[in-house]
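Line by line, the protein sequences give chains A and B.
Going by full-length UniProt numbering, the first residue of the first sequence is number 1, and it counts up by one from there.
Going by full-length UniProt numbering, the first residue of the second sequence is number 1, and it counts up by one from there.
Note that CB positions come from ideal geometry on N, CA and C, so glycine has one too.
The structure under discussion appears below in the form of C-alpha cells.
Number of protein chains: 2
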Amino acid sequence: MAHAPGPLDELDRKIIAALTANARTSFAEIGTAIGLSATAVKRRVDRMRETGVITGFTATVRPAALGWRTEAYIEVYCDGAAPPRRIAEVVRRYPEITAAMTVSGGADALLHVRATDVEHFEEVLERIRTESFIRKTISYMVLSHLIPDSPEAGAGSSAVQGYGLDEPGSPTR
Amino acid sequence: MAHAPGPLDELDRKIIAALTANARTSFAEIGTAIGLSATAVKRRVDRMRETGVITGFTATVRPAALGWRTEAYIEVYCDGAAPPRRIAEVVRRYPEITAAMTVSGGADALLHVRATDVEHFEEVLERIRTESFIRKTISYMVLSHLIPDSPEAGAGSSAVQGYGLDEPGSPTR
DNA sequence: CCTGAAAGATCGGGCGA
DNA sequence: TCGCCCGATCTTTCAGG
C-alpha cells in the first residue's frame, strides 16, 4: 500500500513477465531463469506488491463458462455537470458493470458490461438509462474478439475480481 | 485444451472465486475453506484448466508502474467489406493494442490501446490510420477509472499477458 | 467422486556477507 | 542488497474406498 514505486530494474521486469505469464510460477523457477535465488525473487515480489507495482494475482476465466455470454460497451452522456463521483457511486451498484471510466471526446463515460444474454443486457441497459443524470447512451455489443487473449487486466489497479458468484447460475451446459 | 466444459457445481465456483481473488492461494487453504482435501481441489482445478474454464493465472500490474501512462479506446470504421480476419492480422502487429473486437453499432471495431504518453499515443494512432482498409477513427482517451479495480481480465480467453517488455523502458520515476 | 499417505518441492523467516 | 540454511507447509502422485 506504500507509494514509492521506485525504478524497476531489468530483473524486476523479468519477474513481472514471468508472473503475468503464470502467476503460480515458483520463486525458485523464476530465480533460476533470471539468475537469482528464490529468496531474492520473493523479496522483490514482496517489495513490488508493497509499492503497488504488482496489485495482485488472479485466475483468468472464460466468462462464457460462468454464464456471462454477452458483452458490451456503453457510452454514457450526462446532463450538464456530471460529477465523476456521482457516476462512480451509481456504477458500483451494478454487478454487471465490470469497468467504468471517464473519457474525453463525445461521451462522458464509458462502461463495460457483462450480461448472461441479450435479454439480460437489455434489462441492465434500461435500468442504467433511468439513472437521474443520464441523458443518452450508445451501446456497442461485442461480436467477437480479434485478439485471442485480450489482457486488459490491471486496467485500473486490479487485485480482486470476483465476477462469478454475482448472478448467473447457468454454466455452459 | 479439451472442450467439454461440463456444468460447474458450487464447489467449482467457490474454487474459481478463491483463485480469482488470489491466484496463489494454496489448494490446501482452498480445501479447508470449502470442505475438500487439497487433492480434490487440485483435481478440480486441473479439470477446469483442461476444459478451458480457467485459462490461466496472471499477476495484475499497475500499468503506470511499467511506463504505460496513457490509455484510450479507438472506434474503427472500415471500408466496405471489412473482413475481421484482415483486421485481426493488422491489429496483432501493434504491441500497444491490448484488446480488439468487432462490435455492432456505428463502428466496425473497437480497439483498446496503451501508450507511454500522449505523444506515443498520437504516433500509434497515426500509424493505425494509415492501414489500408481504415476509413475513419474516433478516439476516447481514458481520463480516470471509476471502479478502482476493473477486472476485465479474461475478456477473451487470456492466459498470457506480457505487456511489460514490449516497449517502454521508463519506470515510474 | 472422494480421502489419506508419502516423497519431493516450495515457502518464508533468520542470519551473516 | 544478496545467498544459504531450515522447519513448516504445499504439491503431486499413488493406493484404496
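In its own chain, which residues sit with a C-beta less than 7 Å from the C-beta of residue i, not counting the 5 before and 5 after it?
i                : result
Ser-37 (chain A) : Gly-31
Asp-79 (chain B) : Phe-133 and Arg-135
By the 10 Å Cβ neighbour count, where 16 or more other Cβ atoms means buried, how is residue i classified, buried or exposed?
i                : result
Lys-14 (chain A) : buried
Arg-52 (chain B) : The residue asked about is misnamed: residue 52 (chain B) is Gly in this sequence, not Arg. It is buried - the Cβ of Gly-52 (chain B) has at least 16 other Cβ atoms within 10 Å.
Ala-99 (chain B) : buried
Ala-81 (chain B) : exposed
Val-41 (chain B) : buried
Glu-75 (chain B) : buried
Ala-17 (chain B) : buried
Excluding the five sequence neighbours on either side, which residues of its own chain have a C-beta within less than 6 Å of the C-beta of residue i, listed in chain order?
i                 : result
Glu-152 (chain A) : Annotation note: pLDDT 44 at Glu-152 (chain A) (below 50); position unreliable, no value reported.
Glu-71 (chain B)  : Arg-114 and Val-142
Met-101 (chain A) : Leu-110
Ile-97 (chain B)  : Val-91, Leu-111 and Val-113
Lys-136 (chain A) : Tyr-77
Ile-87 (chain A)  : Ala-109
Gly-6 (chain A)   : none
Asp-46 (chain A)  : none
Val-103 (chain A) : Leu-110
Glu-122 (chain B) : none
Would you mind giving the Cβ-Cβ distance between residue i and residue j, rounded to the nearest angstrom? I have them listed as a contact below 8 Å.
i                     : j                 : result
Arg-129 (chain B)     : Ile-147 (chain A) : Contact doesn't hold; Cβ gap of about 19 Å is too wide.
Phe-27 (chain B)      : Phe-57 (chain A)  : Not confirmed; about 15 Å, so no contact.
residue 199 (chain A) : Ala-23 (chain B)  : The shown model of chain A, from 1 to 173, leaves out residue 199 (chain A), and the question about it has no answer.
Tyr-140 (chain B)     : Ala-107 (chain A) : 7 Å
Val-124 (chain B)     : Ile-54 (chain A)  : At roughly 26 Å, the Cβ-Cβ gap does not stay under 8 Å, so Val-124 (chain B) and Ile-54 (chain A) are not in contact.
Asp-117 (chain A)     : Arg-69 (chain A)  : 6 Å
Ile-138 (chain A)     : Gly-67 (chain B)  : About 32 Å separates the two Cβ atoms, so there is no contact after all.
Strictly by DSSP, which residues pair up with residue i?
i                 : result
Phe-57 (chain A)  : B:Ala-59
Ala-81 (chain A)  : Bridge partners of Ala-81 (chain A): none, in fact.
Thr-70 (chain B)  : B:Ala-115
Ile-87 (chain A)  : Paired residue(s): none; Ile-87 (chain A) is not in a bridge.
Tyr-140 (chain B) : B:Tyr-73
Thr-102 (chain A) : A:Ala-109 and B:Ser-144
Ile-134 (chain B) : B:Cys-78
Ile-97 (chain A)  : A:Val-113
Only counting the same chain, and skipping five residues up and downstream in sequence, which positions put a Cβ closer than 8 Å to that of residue i?
i                 : result
Leu-11 (chain A)  : Ile-34, Leu-36 and Arg-44
Leu-8 (chain A)   : Ile-16, Met-48 and Val-53
Tyr-73 (chain B)  : Leu-110, Leu-111, His-112, Val-113, Ser-139, Tyr-140 and Val-142
Glu-131 (chain A) : Val-90
Ala-4 (chain B)   : Thr-51
Thr-25 (chain A)  : Ala-18 and Leu-19
Arg-127 (chain B) : Tyr-94
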